[in-house]
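One line per chain: the protein sequences are U and Y, in this order. Quick note on this note's numbering: the first sequence kicks off at 29 and runs consecutively. Quick note on this note's numbering: the second sequence kicks off at 27 and runs consecutively. Backbone N, C-alpha and C fix where the C-beta goes; we use that ideal spot for every residue, glycine too. In this text, all values refer to a predicted model and were calculated from it rather than measured experimentally.
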Amino acid sequence: MKVSIYRYNPETDREPSMKEYEVDTQGKDLMVLDILALVKEQDESMSYRRSCREGVCGSDGMNMNGKNGLACITPLSQVAPGVLEGKKPLILRPLPGLPVIRDLVVDMGMFYNQYEKVQPFLQNNTPAPAIERLQTPEDRAKLDGLYECILCACCSTSCPSFWWNPDKFLGPAALLQSYRFLADSRDNATEERLSKLDDPFSLFRCHGIMNCVSVCPKGLNPTRAIGHIRSMLLERGI
Amino acid sequence: MSIRTITFDAIVVGGGGAGMRASLQMAQSGFKTALISKVFPTRSHTVSAQGGITCAIASADPNDDWRWHMYDTVKGSDYIGDQDAIEYMCNVGPEAVFELDHMGLPFSRTEEGRIYQRPFGGQSKNFGEGGQAARTCAAADRTGHALLHTLYQQNLKNGTQFYNEWYAAELVKDADGNVCGVIAIDIESGETVFFKAKATVFATGGSGRIYASTTNALINTGDGVGMALRAGLPVQDIEMWQFHPTGIAGAGVLVTEGCRGEGGYLINKDGERFMERYAPNAKDLASRDVVARSMMMEILDGRGAGPDGDHVFLKLDHLGEEVLHSRLPGICELAITFAQTDPVKEPIPVVPTCHYMMGGIPTNVHGQAIKLSGGHEGEDQFVNGLFAVGEVACVSVHGANRLGGNSLLDLVVFGRAAGLFIEDQLRQGMTQYEPTDADIDQALARVRRWDESSGGESVSALRKELQSVMQNHFGVFRKGDLMAEGVAKLADLRERISKAHLDDKSKPFNTARIEALELDNLLEVAEATAIAAEGRTESRGAHSRYDYPDRDDENWLCHSIFDPTAKKLGKREVNFKPKTVDTFQPKARTY
Ligand SMILES: Cc1cc2nc3c(=O)[nH]c(=O)nc-3n(C[C@H](O)[C@H](O)[C@H](O)COP(=O)(O)OP(=O)(O)OC[C@H]3O[C@@H](n4cnc5c(N)ncnc54)[C@H](O)[C@@H]3O)c2cc1C
Ligand code: SF4
Ligand code: SF4
Ligand code: FES
């Protein structure tokens, strides 16, 4: 099958280009990450990130035939119709909207900065008990669909609002984490967290386009979390 | 040759659970510390841990006792775990786990609002007399993810200085063997730098990638062990590799022991629940080495499933959709993705798969690295300036077989302990050993060798060959002649790897260079494993030999010590002197 990969090495290339490779999959429905390994055997200069190879570390977010996802848990058959059969090439590009360091490797700095801005850690100024802080199963259930985020950036880099204002709009991933702590019964910094979000950009640049939801490889729903924060902000305003 | 030097009081190499627990402790102390990690910390292998963290927090059973946990761990280790270290881990454990909750770790909960605990293999109440215990604290089946992200968040809060995507290539030591820091490469720019520190803490994790089939992440290449061995330092019990019973056949991806904890069980091709024959009491929750061997016997006796009869099944469908989706959601995802099997409906094809390195750099409970005065024999001596925590270390709390859920506990307990100890030492005034230019040059030799290579075999082909040698010669069952062959093949590989070729010599984000440097480490770990496995002439825990089928307490109730300089295997005493409880005497190990 044909694979077309975005190549750019700042040391030697003036501008990026797409490079074609021929890979023998023996008709198997391999994961995109397996294809990258086969390409790397042919051409070790092609760089990409990977670690867990099972969809839990968030290293290998990339754009596959136009859609963001994790290479390690995306089988060829799911990339686009015809790719597995070799009728269409597999087209791999770095996540859009972030500066490219080399080939499929992007600079995640802006993405991490926005994450850090939401103070993604539990805050509770009451003295800790000798055992755990108790939490009911119902309160704990509120964290499901939030804490599982693997910071792969597939969502934020598919969000037009983030592309335009990556420094001011926090983006879906950071906002999801913001809500993860707002929703935690053990956290008591709610007021402070909300006041930091109460400006025209941080959160309110979200226009509910839902790109983030459709690409999240963990099936999370940042739009819903953003909606929850929005209602908390509105209630607080009254 | 002069390279840039960056100076800290302490550096931690590794941003998994162990490294980040240590760095958190030190960040809170105000000393100048940095954490170096070859991947962004939350991409470390700890993120993959599923089932939980075992600890007697007395939630599932209000009468639970850390001494029972200690008993299980000693027995699980097949009696070569150090009892002072196991005592410390089990006793301090609850405090360390409650701290994780206070930091925000989203543990699953009981109706009382306490942390949810599930049964895991090898767990008992009342020193083996009271039946199965439920002692593994869980955040659904994503405990490692929850733990790692929580620790990263706390490190952010406390201002830890991170060097993410920096690759530590070599230890720097002075003429007397004192550790002065590490050589590290900034992966993004390709710059090579000397990190100088009074304390260097290795938290580089495991090395499952020496085997062809493993549950481990692609980055688990044993860099810490490799660096230690090249520096002439010994490793302990490195022949002890855990094969996890339930790796997904073909893919190697793990499904947690928590599946069996929640009531799942193994069946052969005839649908028989075969563990009832091998371990009548604990059945599917016997210790991992026991279950893995039983599965291999079924397969070797022709009762394996599939066209090649090479796997068995893990049955979960009887637990019902609701339990599976609430307690084991991640497993359902993995089974569908990697086995095209929905566990709600069908059993998952599984096979024992390389999972965990029980051996590693020998340390005491403070993480201080230890060497022997005579290389492979003699008195314990500290390696000044070097510490190790987590999977790369051999404290040893796991001995010849680790119990499920005990690794995450090991990470936080000993990461914390090392942090506390170093903090204290720094306060008292620790020596900064100074390397000469020649010492630094020596540490740079390997990086330079690859950068100057021209012609020779490729890294990926050699890596594949090494992995298949380990898989075929040092697997679940071992035999003297087969291992001798394996040792010879590795010697040949060493020769060839020393002449292998790095084609891409560019600087920015050159992952080919990193993979080349990792290959050297895989080789070091593989060779140490091979020589130690051939040398331990008995069967104990995970090390199981056809030619020496029995445990030999007379000769081998001890640690093995591999000295890389002489390539010799020696022995080191196991600690049988816990401080607050009576010694657990070796007994026959049945489940
Ligand atoms: C699939 C799976 C599931 C598991 N489930 C459980 C479980 O439920 N309970 C349990 O107790 N245990 C479990 N384990 C075991 C446990 O997860 C590991 O033993 C543990 O996470 C290791 O942690 P660590 O901090 O020592 O190393 P790791 O988490 O592996 O981290 C190593 C760190 O070192 C860094 N590093 C390595 N080399 C270099 C270098 N050269 N330069 C710079 N940085 C470097 C890496 O970037 C990384 O940050 C599981 C293991 C696997 C494979
Ligand atoms: S819903 Fe909001 S956050 Fe998500 S993609 Fe659209 S604008 Fe971005
Ligand atoms: S929300 Fe989903 S897509 Fe976004 S970073 Fe987290 S896991 Fe990735
Ligand atoms: S390699 Fe970890 S998510 Fe793909």
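Check whether the segment 518 to 526 of chain Y touches the segment 538 to 547 of chain Y, taking contact to mean three or more Cβ pairs, one atom from each stretch, closer than 8 Å. yes
From the DSSP output, in three-state form, read off residue 91 of chain U for me. strand
Would residue 21 of chain Y and residue 84 of chain Y qualify as a contact pair, given that the criterion is a beta-carbon distance under 8 Å? The shown model of chain Y, from 27 to 617, leaves out residue 21 of chain Y, and the question about it has no answer.
For residue 605 of chain Y, does the count of other Cβ atoms within 10 angstroms reach 16, so buried, or fall short, so exposed? exposed
Taking Cβ positions only, does residue 129 of chain Y come closer than 8 Å to chain U? yes
Could you name the residues of the same chain whose beta carbon sits closer than 7 Å to that of residue 68 of chain Y, not counting the 5 residues immediately before and after it, in chain order? 174, 175 and 178
How is residue 61 of chain Y classed by DSSP in three states: helix, strand or coil? strand
Taking the alpha helix (DSSP H) that residue 189 of chain Y falls in, what are its first and last residues? No alpha helix (DSSP H) contains residue 189 of chain Y, which is instead part of the beta strand (DSSP E) from 187 to 190.
List the residues of chain Y whose Cβ lies closer than 9 Å to the Cβ of residue 212 of chain U, in chain order. 130 and 132
If you follow the beta strand (DSSP E) that residue 34 of chain U is in, where does it begin and where does it stop? 30 to 35
Is the Cβ of residue 535 of chain Y closer than 8 Å to any Cβ of chain U? yes
Residue 141 of chain U to residue 310 of chain Y span [Cα, whole Å]: 46 Å
Work out the CA separation of residue 108 of chain U and residue 537 of chain Y for me, nearest whole Å. 28 Å
For a test of your reading of the model: does the CB of residue 86 of chain U fall under 7 Å from any non-hydrogen atom of ligand 3? Yes or no. yes
For a cutoff of 8 Å on Cβ pairs, would you count residue 124 of chain Y as touching chain U? yes
Do you know how far the Cα of residue 62 of chain Y is from the Cα of residue 188 of chain Y? 6 Å
Counting only runs of 4+ residues fully inside the segment 478 to 509 of chain Y, write out the alpha helix (DSSP H) ranges in chain order. 485 to 499
Residue 331 of chain Y - partner residues in DSSP beta bridges: Y/337
May I ask you to list the residues that DSSP assigns as paired with residue 262 of chain Y? Y/386 and Y/587
Give me, in chain order, the residues of the same chain whose beta-carbon lies closer than 7 Å to that of residue 608 of chain Y; leave out the 5 immediate sequence neighbours on both sides. none
Could you pull the start and end residues of the beta strand (DSSP E) that residue 225 of chain U belongs to? Run containing residue 225 of chain U: none in the beta strand (DSSP E); it sits in the alpha helix (DSSP H), 218 to 225.
Cβ pair residue 240 of chain Y, residue 420 of chain Y closer than 8 Å: no
Mapping DSSP to helix, strand and coil, what is residue 626 of chain Y? Outside the modelled stretch of chain Y, which goes from 27 to 617, sits residue 626 of chain Y, for which no answer is possible.
Buried versus exposed, by CB contacts within 10 Å (16 or more), residue 40 of chain U: exposed
Quick check on residue 530 of chain Y - is its C-beta less than 8 Å from some C-beta in chain U? yes
Are the segment 300 to 307 of chain Y and the segment 240 to 259 of chain Y touching by the rule of at least three beta carbon pairs closer than 8 Å? no
List the endpoints of the continuous alpha helix (DSSP H) containing residue 451 of chain Y. 432 to 454
At least 3 beta-carbon pairs within less than 8 Å: the segment 261 to 268 of chain Y vs the segment 371 to 385 of chain Y: yes
Could one say the Cβ of residue 140 of chain Y lies closer than 8 Å to chain U's Cβ atoms, at least one of them? yes
Going along chain Y, which residues have a C-beta under 8 Å from residue 38 of chain U? 534
Kindly examine ligand 1 and report whether one of its heavy atoms sits closer than 7 Å to the Cβ of residue 246 of chain Y. yes
Roughly how many whole angstroms lie between the Cα atoms of residue 509 of chain Y and residue 488 of chain Y? 19 Å
For the alpha helix (DSSP H) containing residue 251 of chain U, list its first residue and its last residue. 250 to 265
For residue 132 of chain U, the first and last residue of its enclosing alpha helix (DSSP H): It is not in any alpha helix (DSSP H) - residue 132 of chain U carries neither H nor E in the DSSP assignment.
I need the straight-line Cα distance from residue 136 of chain U to residue 191 of chain U, nearest angstrom please. 13 Å
Hey, residue 73 of chain Y and residue 203 of chain Y: beta-carbon distance below 8 Å or not? no
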